[in-house]
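Asks:
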Amino acid sequence: MRTLYAPVFFLGFVGSAVWLLDEGASLGWLPVLLLLAIGVSLLCERLWPYRERWNVSQGDGTRDVIHAGVNEALNVAGIAAIPLIALVLPDTGLWPSDWPLALQLLLALPVADLGITLVHYASHRLPLLWRLHAVHHSVTRMYGFNGLMKHPLHQMLEALGGTLPLLLCGLPLDVAALLAFSISIQLLLQHSNVDMRIGWLRHVFAWAPVHRLHHLKYGTTGDVNFALFFSVWDRLLGTALHLPHYHLADDDLGIGDFPDYPVGYGAQLRQPFRRDQPEHPPAVLPDALSRALVQQP
Numbered sequence: 001m002r003t004l005y006a007p008v009f010f011l012g013f014v015g016s017a018v019w020l021l022d023e024g025a026s027l028g029w030l031p032v033l034l035l036l037a038i039g040v041s042l043l044c045e046r047l048w049p050y051r052e053r054w055n056v057s058q059g060d061g062t063r064d065v066i067h068a069g070v071n072e073a074l075n076v077a078g079i080a081a082i083p084l085i086a087l088v089l090p091d092t093g094l095w096p097s098d099w100p101l102a103l104q105l106l107l108a109l110p111v112a113d114l115g116i117t118l119v120h121y122a123s124h125r126l127p128l129l130w131r132l133h134a135v136h137h138s139v140t141r142m143y144g145f146n147g148l149m150k151h152p153l154h155q156m157l158e159a160l161g162g163t164l165p166l167l168l169c170g171l172p173l174d175v176a177a178l179l180a181f182s183i184s185i186q187l188l189l190q191h192s193n194v195d196m197r198i199g200w201l202r203h204v205f206a207w208a209p210v211h212r213l214h215h216l217k218y219g220t221t222g223d224v225n226f227a228l229f230f231s232v233w234d235r236l237l238g239t240a241l242h243l244p245h246y247h248l249a250d251d252d253l254g255i256g257d258f259p260d261y262p263v264g265y266g267a268q269l270r271q272p273f274r275r276d277q278p279e280h281p282p283a284v285l286p287d288a289l290s291r292a293l294v295q296q297p
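Numbered per the UniProt record's numbering, the sequence shown spans residues 1 to 297.
(1) Could you name each continuous alpha helix (DSSP H) segment of 4 residues or more that falls completely within the UniProt domain "Fatty acid hydroxylase" (106-239), going from the start of the chain to the end?
(2) Along the alpha helix (DSSP H) that carries residue 83, what are the first and last residues, could you check?
(3) Check residue 259 in the structure and name its three-state DSSP category.
(4) So the alpha helix (DSSP H) residue 265 belongs to, where does it begin and stop?
(5) What is the residue span of the alpha helix (DSSP H) that residue 37 lies within?
(6) Among the candidates 50, 72, 42, 20, whose CA atom is the shortest distance from the CA of residue 183?
(7) The ligand COA and residue 267: does any heavy atom of the ligand fall closer than 7 Å to the residue's C-beta?
(8) Residue range of the alpha helix (DSSP H) that residue 292 falls in?
(9) Please look up how many angstroms separate the CB atoms of residue 196 and residue 6, rounded, as I've assumed it's under 8 Å.
(10) Mind checking who residue 253 pairs with in its DSSP beta bridge?
(11) Report all residues from its chain with a CB closer than 8 Å to the CB of residue 122; omit the five preceding and five following residues, and keep chain order.
(12) I need the boundaries of the alpha helix (DSSP H) containing residue 9, first residue and last residue.
(13) Thinking just about the alpha-carbon of each residue, which of 205, 47, 244 is nearest to the one in residue 113?
(14) Quick one, are the C-beta atoms of residue 10 and residue 185 less than 8 Å apart?
(15) Does the Cβ-Cβ distance between residue 263 and residue 131 come in under 8 Å?
Right, dumping it as structure tokens:
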């Protein structure tokens, strides 16, 4: 099950969403399917945890629910606004609307992924963007549901980077909804606490064994594995990292030079705009991680 979990979860839920819309189901079924995916994610994290302690709330459960609710509502609002956006944008007629729905989604995924990945990469380089993105990096445990935890402004910037090229090509409403759903499923897998074994698929998909390293709290050590869906972007950016001999510790995650980052939802929304941004000495790199970095393939 550890080997099958990630591909079955991704293809099962995304494939089900495509099938439902192909069969004429309304877009209203996608939130229902997402709630089911969240439930499966939480259940499997308890059956096969990567870190037992990451299944224990650290006073962040309610906050993560609020983050997820707000951000998913923004996704729904953005999708609903597509017909209005289409009235403003030029009609290029470039989008292959006559293709099967599955093929249209397969075309949209890498285009959106590249845009989102570049915004993500820039968010680790530009101080103003980092202030917004730091909300997401403040987590000190990883479980699927907090993949949906982001500052709403940063989420909107990533969404713009990923969808603007597609909207200019005439992205249809149903494909946009499937794209948003697929992103949510991928975020559940990226941040999953399931002890999944993905083997050679790490060269294709940026699932949890790849993405966990991005959340390391030790200075710039975590400036790796930026991709949302496909690992190829990190190889092109020169930011790919694989540490097969290092098992993350309970306390490896977070922002090392800001360990007391606010935990509450309201405080996290305000923190990027505070003039004082407290900093502490960088967290010391553990010896085991230092050795793993030297031995990386």
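Here a beta-carbon is modelled for each residue, glycine too, at the ideal position from N, C-alpha and C.
Replies: Taking the coordinates as given:
(1) 127-137, 152-168, 173-190, 208-211, 232-237
(2) 82-88
(3) coil
(4) 265-270
(5) 29-47
(6) 72
(7) With respect to the ligand COA, the structure shown offers nothing to examine, as it has no ligands at all.
(8) 287-295
(9) 5 Å
(10) 216
(11) 129
(12) 5-22
(13) 205
(14) yes
(15) no
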